[in-house]
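**Student:** Before anything else, here's the structure in question.
In the working numbering, the protein residues as written are 705 to 838.
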């Protein structure tokens, strides 16, 4: 079922780079949530959770990065290619962006078919700025 603005966001629990369980429910109890999916971050020779940790540290990222290694959350958010358009791969995550408010409602959804495109980060920033004004 496609994810649409205005619907309840599917809840999830994933591990962060410190191997701590993080749930959407916990995140949204503190603030609005920006959820980003991206394809092929790491090849199969890397353990994605530890690679994410190194990436976070090297780039001084001040927020949690979560690993959806088994693609369970990508499926829930309709963000999974059955057949990846650039390579002969199956089960690759689509580049996608979601904003989820504190009540768990999806306020922005962008699921890109073309893996070479990026989400509209200006639009995401605008929506978040509007949340901060209200």
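The beta-carbon is built from N, C-alpha and C at its ideal position, and this holds for glycine as well.
None of these values were measured; they are calculated from a predicted model.
Under 8 Å, with one C-beta from each stretch per pair, do the stretch 822-836 and the stretch 753-768 reach the 3-pair mark?
**Tutor:** No, the stretch 822-836 does not touch the stretch 753-768.
**Student:** Secondary structure at residue 733, three-state DSSP: helix, strand or coil?
**Tutor:** DSSP places residue 733 in coil when its eight states are reduced to three.
**Student:** Helix, strand or coil for residue 708 per DSSP?
**Tutor:** Reduced to three states, the DSSP call for residue 708 is coil.
**Student:** Quick check on the burial criterion: 16 or more other C-beta atoms within 10 angstroms. Buried or exposed for residue 772?
**Tutor:** Answer is buried; the Cβ neighbour count reaches 16.
**Student:** Can you tell me whether residue 660 is buried or exposed, with buried defined as 16 or more other CB within 10 angstroms of its CB?
**Tutor:** Outside the displayed span of the chain (705 to 838) sits residue 660, for which this structure offers no information.
**Student:** For residue 727, which of helix, strand or coil comes out of DSSP?
**Tutor:** Residue 727 falls in the strand class under three-state DSSP.
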